[in-house]
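Participant: Sending over a structure as structure tokens; questions will come in a sec.
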Amino acid sequence: MNKNSLNFLLIFSCLFLLFSCKTQKEVVEKEKVRFRNYNDKELIDSLSKNEFKFDVFTAKANVKFTDGKENTFKTHIRIKKDSAIWMSITPLLGIEMARILITKDSLKFINRIDKEYFLGSFDYINEKFGVDLDYQMLEAILVGNSIDFDDDEKKIITSIDRKKHAYFISTARKRQIRKEIKKDKNKFKNFTQALWIAPDNFKIIQLMLSAPKSDQSLVTTYTNHEQIDNQIFPKKINVNLNSDKIITIDIDFLKVVLGNDDTSFLFKIPSKYERVEIK
């Protein structure tokens, strides 16, 4: 994995977390689920009631990262709710090559291959890349929860997408969203988010974010839903980032452990490492 790929992980690899556990396959067939005409408030409330609830968890995953070249590695992920996201990235056979720690106030990244480290903030990343990220957004995407919508209800659009067999909620119309996913010339004037929601369990099956300032869009698809601790989670995730080039990340989670308050979030920078800026 080259240095640019490692730097990219600082911003985006933290977006991807799934859970693998004792399997209970989805038992409701699509054709048997009936839709209701929810308004935006009812749909958002249903999303909230079915969100993944946790205090602390750790997980292991196999990750495939493709940006013209394909790289495969293992990732150990630890999250303390509303507080910290920690990641350790290791080749399939080898020692740790990178470590990430994200809090509400800071982003830290160690590149052990080049003996470098980065210390920054969301303000720095947002200004540098023309995006609008914060800690809560990253944590929500990692666990398959919803991102808060704008308080202005007039901007929220809800409908039923029968082609995807899902409820649809967005800050832009469905036709515009489909054009964006297909890389049409249509561009959004404002930051846009869209969710496709399973009608049987109100879990997110697809998420799209579009950032017009940087001409980027992120499409995240959640599949293979199973149960863990009486909650429903996707076992696999596919992420496509459309920017000046297409970047794809596929994650297959192998193990998850919930509720360990003694989980360590160790992040120590060796004294001989050189501080760098993301370019």
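Numbering (our numbering), first residue to last: -9 to 269. Ideal Cβ placement from N, Cα and C applies to all residues, glycine included. Being a predicted model, the structure only gives us computed values, none of them experimental.
Got a sec? Which residues, its chain only, sit under 6 angstroms from E170 by beta carbon, not counting five neighbours each side?
Facilitator: Low confidence applies to E170: its pLDDT is 49, below 50, so where it sits in the model is not reliable enough to give any reading.
Participant: Closest to K50 by C-alpha separation, out of S96, E216, K64 and I194, would be which residue?
Facilitator: Selected option, being the one with the closest Cα: K64.
Participant: Report the CB separation of G249 from D104 in whole angstroms; it is logged as a contact under 8 angstroms.
Facilitator: That pair is no contact at about 36 angstroms.
Participant: Under 8 angstroms between the Cβ atoms of Y107 and R265?
Facilitator: Going by C-beta atoms, Y107 is nearer than 8 angstroms to R265.
Participant: Between the C-alpha atoms of L83 and N52, what's the straight-line distance to the nearest angstrom?
Facilitator: L83 and N52: Cα-Cα distance of roughly 12 angstroms.
Participant: Just the C-alpha distance for P260 and L123, rounded to the nearest angstrom, thanks.
Facilitator: For P260 and L123, the distance between alpha carbons rounds to 28 angstroms.
Participant: Have a look at L244 and D35 and give me their C-alpha separation to the nearest angstrom.
Facilitator: Spanning the two alpha carbons is a distance of roughly 31 angstroms.
Participant: Could you tell me which of Y125, L132 and Q196 sits nearest to F158, measuring between CA atoms?
Facilitator: Of the listed residues, the one whose Cα sits closest to F158 is Q196.
Participant: Taking D219 as the reference, which of I131, E41 and S73 has the closest Cα?
Facilitator: Nearest option by C-alpha distance: E41.
Participant: Flag this pair as yes or no: are the beta carbons of T148 and Y28 separated by less than 8 angstroms?
Facilitator: Yes, Cβ-Cβ distance for T148 and Y28 is below 8 angstroms.
Participant: Identify the continuous alpha helix (DSSP H) that holds N116 and give its terminal residues.
Facilitator: Counting along the chain, the alpha helix (DSSP H) containing N116 begins and ends at F112 to F119.
Participant: Could you please give the first and the last residue of the uninterrupted beta strand (DSSP E) stretch that includes V266?
Facilitator: Per DSSP, V266 belongs to no beta strand (DSSP E) and is neither H nor E.
Participant: Quick one: residues in its chain with C-beta nearer than 6 angstroms to the C-beta of F192, no 5 flanking neighbours on either side, listed in chain order?
Facilitator: Hits under 6 angstroms: S36, L37 and N40.
Participant: What distance in whole Å lies between the Cβ atoms of S96 and S73, which are believed to be in contact at a cut-off of 8 angstroms?
Facilitator: Not really, about 12 angstroms apart at Cβ, beyond 8 angstroms.
Participant: Helix, strand or coil for K94? Go by DSSP, reduced to three states.
Facilitator: Residue state, collapsed to three classes: coil.
Participant: Give me the Cα-Cα distance between L33 and T211, rounded to the nearest whole angstrom.
Facilitator: Using only the alpha carbons, I get a separation of about 19 angstroms.
Participant: Taking Cβ to Cβ, would you say Q183 is nearer than 8 angstroms to I137?
Facilitator: In contact: Q183 and I137 (Cβ atoms closer than 8 angstroms).
Participant: Out of N214, D205 and A156, which one is the CA nearest neighbour of W186?
Facilitator: When only C-alpha atoms are compared, the closest one is A156.
Participant: Taking the alpha carbon of D205 as the point to measure from, which residue in K226, S233 and V229 has its own alpha carbon closest?
Facilitator: When only C-alpha atoms are compared, the closest one is S233.
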